[in-house]
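Letter by letter, the sequence shown follows residues 458 to 647 of the numbering used here.
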Amino acid sequence: MQVLGNHTPPVSVLPGWFADAIDFDRTYPDPDARITLAIDLARRNVEHATGGPFGAAIFDAHGRLIAAGVNRVEPLRSSLAHAEIIALVDAQRKLGRTRLNQDGSRYTLAASAQPCCQCYGAIVWAGIDELLVAARAKDTESLAGFDEGPLPNDWIGGLEKRHIKVVRDLRRDAACAVLADYARRGGHIY
């Protein structure tokens, strides 16, 4: 096979520090523990300069961690590499199905910030039953300068009509501190 132009080997989707930050043997018994993990992943991503200030994790109904992700848009040069998308793809692969809850099991997505328009759609189609959110879109935009794209005015109501429970403002101050730290470090720092 002939390769045209510069060819570099594929980059790992997740940063090197990620495996040591995740404990799949631990149970995350409540929303606070789950959102704390998502925020911690976002914080580490900023501290290690390996992506944007976003983290996400997916849990089953018993609080077992199924998958997690961090924002890797710039390092991977892919607008799709949001923390939620990376976590959803990993969960779908691990469980062997595109709709996580198709077997009647329930899944929670904890996100360090309100989903953007891309992640909002992915949450609907991926079979998430509960969404936990730390920072709001206005925090993401004002503190770190991100454009979260167009969401319906009643985005929460839209999810709840699809039987996806939304709980927000969980540890919002901690998530906002990560966004502010990202901005202090110069934003796109990879």
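For every residue, glycine included, the Cβ atom is placed at its ideal position computed from N, Cα and C.
Among Ala570, Pro607, Ala579, whose alpha-carbon lies nearest the alpha-carbon of Val635?
One-based indexing of the sequence shown puts residue 635 at position 178. Out of Ala570, Pro607, Ala579, Ala570 has the C-alpha closest to the C-alpha of Val635.
Which residue from Leu616, Pro609, Glu605 puts its Cα closest to that of Ser536?
As a working mapping, residue 536 is identified with position 79 in the sequence shown. Ranking Leu616, Pro609, Glu605 by Cα distance to Ser536 puts Glu605 first.
From this set, Pro532, Phe475, Gly561, Glu617, which residue's C-alpha is nearest Ala513's C-alpha?
Within the sequence shown, the letter at position 56 stands for residue 513. Nearest option by C-alpha distance: Phe475.
Give the list of continuous alpha helix (DSSP H) stretches no shorter than 4 residues that lie fully inside the stretch 494-558.
530-533, 540-552
Coarse secondary structure for His620, derived from DSSP in three states:
Sequence index remark: in the sequence shown, residue 620 carries index 163 (1-based). Here His620 sits in coil by DSSP.
Using the Cα positions of Gly508 and Ala499, report the straight-line distance between them to the nearest angstrom.
Counting from one through the sequence shown, the residue named residue 508 turns up at place 51. Counting from one through the sequence shown, the residue named residue 499 turns up at place 42. Each residue's Cα considered, the two are about 9 Å apart.
Nearest by alpha-carbon distance to Asp638: which of Glu587, Leu600, Ala583 is it?
Working through the sequence shown from its first residue, we reach residue 638 at position 181. When only C-alpha atoms are compared, the closest one is Leu600.
Among residues of its own chain, excluding the 5 on either side of Val623, which ones have a beta-carbon nearer than 6 Å to its beta-carbon?
In the sequence shown, the residue the question calls residue 623 occupies position 166. Closer than 6 Å at the Cβ level, and outside the excluded window around Val623, lie Leu588, Ile613, Leu616.
Could you give the DSSP three-state label for Tyr577: helix, strand or coil?
Taking the first residue of the sequence shown as 1, we reach residue 577 at position 120. In this structure, Tyr577 counts as helix in the three-state DSSP scheme.
Neighbourhood of Asn558 by C-beta, 7 Å cutoff - its chain only, sequence neighbours within 5 removed:
Translated into positions along the sequence shown, residue 558 becomes position 101. Only Tyr564, Gly584, Asp586 meet the Cβ criterion.
With a 10 Å radius around its C-beta and 16 neighbouring C-beta atoms as the bar for buried, classify Gly473 as buried or exposed.
Counting from one through the sequence shown, the residue named residue 473 turns up at place 16. Exposed.
Helix, strand or coil for Ser562 per DSSP?
As a working note, residue 562 is residue 105 in the sequence shown. DSSP places Ser562 in coil when its eight states are reduced to three.
In whole angstroms, give me the CA-to-CA distance for Gly644 and Glu541.
Start at 1 with the first residue of the sequence shown, and residue 644 comes out as number 187. Start at 1 with the first residue of the sequence shown, and residue 541 comes out as number 84. Rounded to whole angstroms, Gly644 to Glu541 spans 20 Å at the Cα level.
Is it the case that the Cβ atoms of Ile543 and Leu471 are separated by a distance below 9 Å?
Reading the sequence shown from its first residue, position 86 is the one you call residue 543. Reading the sequence shown from its first residue, position 14 is the one you call residue 471. Yes, the Cβ-Cβ distance between Ile543 and Leu471 is below 9 Å.
Would Ile479 and Ala631 be called neighbours here (beta carbons separated by less than 9 Å)?
In the sequence shown, the residue the question calls residue 479 occupies position 22. In the sequence shown, the residue the question calls residue 631 occupies position 174. Not a contact, by the Cβ cut-off of 9 Å.
Pick out whichever of Pro532, Arg534, Ala567, Ala525 has its Cα sitting closest to the Cα of Gln549.
Walking along the sequence shown from the start, residue 549 turns up at place 92. Checked all of Pro532, Arg534, Ala567, Ala525; the closest Cα to Gln549 is Ala525.
For Pro486 and Gly520, believed in contact at Cβ under 8 Å, the rounded distance:
Here residue 520 refers to the residue found at position 63 of the sequence shown. Here residue 486 refers to the residue found at position 29 of the sequence shown. Between Pro486 and Gly520 the Cβ distance is about 5 Å, and since that is below 8 Å, they are a contact.
Compare the C-beta of Val635 with all C-beta atoms of chain C and state if any pair is closer than 9 Å.
The structure shown contains no chain C, having only a single protein chain.
Secondary structure of Leu627, DSSP reduced to three states
As a first step, residue 627 is located in the sequence shown; it is residue number 170 there, counting from the start. Three-state DSSP puts Leu627 in coil, outside helix and strand.
CA-to-CA distance, Thr555 to Gly602, given in whole angstroms
On the sequence shown, position 145 is the one that residue 602 refers to. On the sequence shown, position 98 is the one that residue 555 refers to. Rounded to whole angstroms, Gly602 to Thr555 spans 32 Å at the Cα level.
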